[in-house]
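Visitor:
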Amino acid sequence: MSEISDASITAALRRHMSIAVARQVIAAGNLANLDTPGFRAQELAFDKALDSRVGGLQLASTSAGHLPAAPGPQAVAARDAGGSPRRDGNTVQLDRELLT
Numbered sequence: 831m832s833e834i835s836d837a838s839i840t841a842a843l844r845r846h847m848s849i850a851v852a853r854q855v856i857a858a859g860n861l862a863n864l865d866t867p868g869f870r871a872q873e874l875a876f877d878k879a880l881d882s883r884v885g886g887l888q889l890a891s892t893s894a895g896h897l898p899a900a901p902g903p904q905a906v907a908a909r910d911a912g913g914s915p916r917r918d919g920n921t922v923q924l925d926r927e928l929l930t
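In my numbering, each number is its position in the sequence shown, counted from 1, plus 830.
1. On a Cα-Cα basis, can you pick out the residue from 854, 927 and 909 that is closest to residue 873?
2. Once you ignore the five residues that flank residue 920 on each side, which residues in its own chain have a CB closer than 7 Å to its CB?
3. List the residues that DSSP assigns as beta-bridge partners of residue 909.
4. From this set, 835, 864 and 875, which residue's C-alpha is nearest residue 923's C-alpha?
5. Quick one, are the C-beta atoms of residue 930 and residue 837 less than 8 Å apart?
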């Protein structure tokens, strides 16, 4: 049975925090544009965030002829959060952003 090292815990926390920071940056941008006509709210594209975090893991193999290595991590992407627009076309919902 293997022990969990401080390095692996720190690496896991770093991955989690980078996604949390990305989510907060997107929420801050949404809140900054709360009164901007036509602004479309953004949200973290979870599938892209997951791919960028998992993509950074190295695949262990016993031979160089086995599976190819995964591509490097990519930037976390935001996507349109959807939602029904107000009269001015803005889709930011204050209560939703404050819960982020």
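Ideal Cβ placement from N, Cα and C applies to all residues, glycine included.
Guide: Looking at the atomic coordinates:
1. Of the candidates 854, 927 and 909, the one whose C-alpha sits nearest the C-alpha of residue 873 is 909.
2. Only residues of its own chain outside the window of five on either side were considered, and among them 866, 867, 868 and 869 have a CB closer than 7 Å to the CB of residue 920, listed in chain order.
3. Paired residue(s): 873.
4. Ranked by Cα distance from residue 923, the options 835, 864 and 875 are led by 864.
5. Against a cut-off of 8 Å, the Cβ pair of residue 837 and residue 930 comes out as no contact.
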